[in-house]
């Protein structure tokens, strides 16, 4: 049977189009190609005075950009920064850092950052490491002194120098503490987080032990379960019932982030990634990630097992010290900068 010439040509054209589309998608979204080192922005670099010395009473020369727009590359000062982890920063030249911020936003009030998590991404080898920063970590803030790191966002927002002043201050504070550059950020509030979890169809979680939700008269059982956005939000906010308090809460937050990443990659959601990226941009209060960036990160995540995502809490210990904002002693997470110096290369390096 002779196949019509027009049919053969049509099939060949279809194959070429499909191959061309696949190649275009690969060149555009394949992570190591999409996130080229030369194109990765630097929103903040550590100030020239290491955080270790700042905690000894030296005021670092960090500051806000004072712009009216969202944080831009080089806009947060300190590009001369040679902070304590210069070696780790150099090792991580092919990688980038994303700062995740979740605020306890309330109407007509300056909001504090309830969640601070630095995500170190290496698109070349497909590795991800989560660094959880306790919200009570004691750091020196410009014009304030030694106080909690989550005050950076609230105080800068209250001053109202720009619409993004709070975000800028939080980014710079984390950069100074960790001694690394911050390249991207994602800021959301509780409502945005809850809605996004619902948009992706909820998340699947396995708990090793039951968790009592203090303010909701509910206990989440041990074992496998499916949560909607409201339950996920209540879980990541729970602290009082946990034996290890805020430390355990941070581990729970990392557990939920991993679950979200896994849910994004189920077949039903993979086909919806562009739409989900659009929804994420609506649910997030602010981010400098583009839709293409998000799709590329999802592409990378599809090859990562949850067990391969590293997790570290910023080292330190609980302590009590005077706070210049409230004029009384407060409980803090006292950062152990010597320990961080030793582990930073593994967490932030390639």
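In the UniProt record's numbering, the protein residues as written are 1 to 350. Glycine included, each C-beta is placed from N, C-alpha and C at the ideal position. A quick note: this is a predicted structure, and the numbers were derived from the prediction, not measured.
Write down the C-beta distance between residue i and residue j rounded to the nearest angstrom, noting that I regard them as a contact closer than 8 angstroms.
i, j, result
"residue 332", "residue 136", "5 angstroms"
"residue 100", "residue 119", "6 angstroms"
"residue 256", "residue 203", "7 angstroms"
"residue 365", "residue 117", "Outside the modelled stretch of the chain, which goes from 1 to 350, sits residue 365, for which no answer is possible."
"residue 263", "residue 201", "7 angstroms"
"residue 207", "residue 220", "6 angstroms"
"residue 159", "residue 146", "Contact flag wrong, Cβ pair sits at about 19 angstroms."
Could you pull out every residue in the same chain whose Cβ sits closer than 8 angstroms to the Cβ of residue i, ignoring the five residues on either side in sequence?
i, result
"residue 265", "298, 301, 302"
"residue 295", "29, 273, 274, 277"
"residue 242", "211, 248, 249, 252"
"residue 233", "190, 193, 194, 197"
My output table needs one value for residue i: the three-state DSSP class, helix, strand or coil.
i, result
"residue 122", "strand"
"residue 30", "coil"
"residue 296", "helix"
"residue 181", "coil"
"residue 249", "helix"
"residue 214", "coil"
"residue 159", "helix"
"residue 327", "coil"
"residue 136", "coil"
"residue 23", "Low confidence applies to residue 23: its pLDDT is 37, below 50, so where it sits in the model is not reliable, and the reading given next is rough at best. Three-state DSSP puts residue 23 in a helix."
"residue 276", "helix"
"residue 145", "strand"
"residue 220", "strand"
"residue 115", "strand"
"residue 359", "Lying before the first or after the last residue shown, residue 359 is absent from the chain, which here runs from 1 to 350."
"residue 195", "helix"
"residue 340", "helix"
"residue 348", "helix"
"residue 39", "helix"
"residue 150", "coil"
Would you list the one or two residues that DSSP bridges to residue i?
i, result
"residue 318", "333"
"residue 225", "205"
"residue 353", "Since the displayed the chain opens at 1 and closes at 350, residue 353 lies outside it and no answer follows."
"residue 187", "101, 286"
"residue 129", "120, 310"
"residue 237", "Bridge partners of residue 237: none, in fact."
"residue 231", "Note: residue 231 sits in no beta bridge, so no partner."
"residue 44", "182"
By Cβ distance, which residues of its chain are closer than 6 angstroms to residue i, with the 5 residues on each side in sequence left out?
i, result
"residue 199", "279"
"residue 128", "121, 309"
"residue 287", "186"
"residue 311", "130, 254"
"residue 90", "For residue 90, the predicted model reports a pLDDT of 42, less than 50, meaning its position is unreliable and no value from the coordinates is stated."
"residue 316", "333, 334, 335, 336"
"residue 330", "323"
Go ahead and label residue i buried or exposed: buried means 16 or more other beta carbons lie within 10 angstroms of its beta carbon, across all protein chains shown.
i, result
"residue 319", "exposed"
"residue 305", "exposed"
"residue 271", "exposed"
"residue 125", "exposed"
"residue 184", "buried"
"residue 338", "exposed"
"residue 229", "buried"
"residue 323", "buried"
"residue 45", "buried"
"residue 150", "buried"
"residue 216", "exposed"
"residue 224", "exposed"
"residue 267", "exposed"
Following a CB-centred definition, is residue i positioned closer than 8 angstroms to any heavy atom of the ligand NAP?
i, result
"residue 304", "Inclusion of the ligand NAP in the displayed structure is not the case, the ligand content being empty and no account of it being possible."
Who are the Cβ neighbours of residue i in its own chain at under 7 angstroms, not counting the five residues just before and after it?
i, result
"residue 240", "214"
"residue 188", "102, 283, 284, 285"
"residue 354", "Any property of residue 354 remains undetermined from this structure, which presents the chain solely from 1 to 350."
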